[in-house]
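Input: a single structure, listed below in structure tokens.
Here it is in structure tokens:
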């Protein structure tokens, strides 16, 4: 039976870059990672992609690779937020924000942060980072973690499923969103360490690429209220990713609605903002 729920669709994990850097950045990633880009990596390119795909809201996840970049990236993130475009706040573990700065960001409407342990050169389960996690949790915010390999980056992998599970074990109050369904090519490890945990998994980049047996197992066994539709645009096509998810026969309409809207809306506190 075809999917008939026409609710709002949210893409929880996308990337864009300032206009003057987009061409250079997209070209560099394409060369390093060997992946095609499906937009030019700009805000306007993302909006065109959303209109074509039938996606109502995209969440932009930017990474500060150096502490000195945080302030300028955060200014840009403030500027791009608009109806249909949300963003996660920037932070670097080498110079973590204090609680007052986090409160200010939350007051501006930011609900979470993006961390990329490979780019930011830290192991996700390094106990020296735990005070940062505890501070984020204390503010009622979440962290979207890159997980697994990032094509073209050197080893070691700083955020494996096992390491991410250790963080959840140590700081269960932290709301964790784990990208790429636990990590590209880390499917066995995700099965052993993350499935069924009280963490969110997003579908970015790997949804159509992963083996079908793992895909069905993950989407059936992980709680449907802890799954998030995400594309990783521009590194996949938003429309192709969404259509693929919506045609999966083993997901109910209710599960698809949770994955494509309700879970993200809860994390972003969209209903709370609408009523305030």
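Residue numbers (the numbering used here): 989 to 1264.
The beta carbon of each residue, even a glycine, is placed where N, CA and C say it ideally should be.
Please read these numbers as outputs of a predicted model, since none were measured by experiment.
Query raised in the report: Where in the stretch 1197–1231 do unbroken runs of the alpha helix (DSSP H), each at least 4 residues long, occur, reported from the N-terminal end onward?
Result: 1200–1209
Query raised in the report: Would the beta-carbon of residue 1222 fall within 7 angstroms of that of residue 1049?
Result: A distance of 7 angstroms or more separates the beta carbons of residue 1222 and residue 1049.
Report task. Would you identify the three-state DSSP class for residue 1124, choosing helix, strand or coil? Result -> helix
Query - Through-space distance from residue 1023 to residue 1013, alpha-carbon basis - result: 13 angstroms
Query - Residue interval of the alpha helix (DSSP H) (run including residue 1241) - result: 1241–1245
Query - Three or more C-beta pairs below 8 angstroms linking the stretch 1169–1187 and the stretch 1039–1055 - result: no
Query - Residue burial classification, residue 1197 (beta-carbon count within 10 angstroms, cutoff 16) - result: exposed
Report task. Report the three-state DSSP secondary structure of residue 1183 (helix, strand or coil). Result -> coil
Query raised in the report: Does DSSP classify residue 1002 as helix, strand or coil?
Result: strand
Query raised in the report: Taking just the CA atoms, how far does residue 1161 sit from residue 1212?
Result: 20 angstroms
**Report entry** Cut-off 6 angstroms between Cβ atoms - residues of its own chain near residue 1072, not counting five sequence neighbours on either side
**Finding:** Same-chain partners within the cutoff: 1045.
Report task. May I ask you to list the residues that DSSP assigns as paired with residue 1100? Result -> 1130
Query - Cutoff 7 angstroms: residue 1024 Cβ touching any chain C Cβ - result: The question asks about chain C, but that chain is absent: this structure has only one protein chain.
Query raised in the report: Which two residues bound the contiguous alpha helix (DSSP H) that contains residue 1107?
Result: 1105–1108
Query raised in the report: Using the rule of at least 16 other Cβ atoms within 10 Å of the residue's Cβ for burial, across every protein chain shown, is residue 1226 buried or exposed?
Result: buried
Query raised in the report: What first and last residue would you give for the alpha helix (DSSP H) that runs through residue 1058?
Result: Per DSSP, residue 1058 belongs to the alpha helix (DSSP H) from 1058–1068.
Query raised in the report: For residue 1175, which three-state DSSP category applies?
Result: Taken through DSSP and simplified to helix, strand or coil, residue 1175 comes out as helix.
Query raised in the report: Which class does residue 1007 belong to by DSSP, given the choice of helix, strand or coil?
Result: In the structure shown, residue 1007 sits in a helix (DSSP, three-state: H, G or I).
Query raised in the report: Within 10 angstroms of its Cβ, does residue 1229 collect 16 or more other Cβ (buried), or is it exposed?
Result: buried
Query - Spatial neighbours of residue 1029 in its chain, beta-carbon cut-off 8 angstroms, leaving aside the 5 residues before and after - result: For residue 1029, where only same-chain residues beyond five positions count, the Cβ hits under 8 angstroms are 1003, 1004, 1005, 1010, 1011, 1013, 1014, 1222.
**Report entry** Contact set for residue 1120: own chain, Cβ-Cβ below 7 angstroms, skip 5 residues either direction
**Finding:** 1081, 1084
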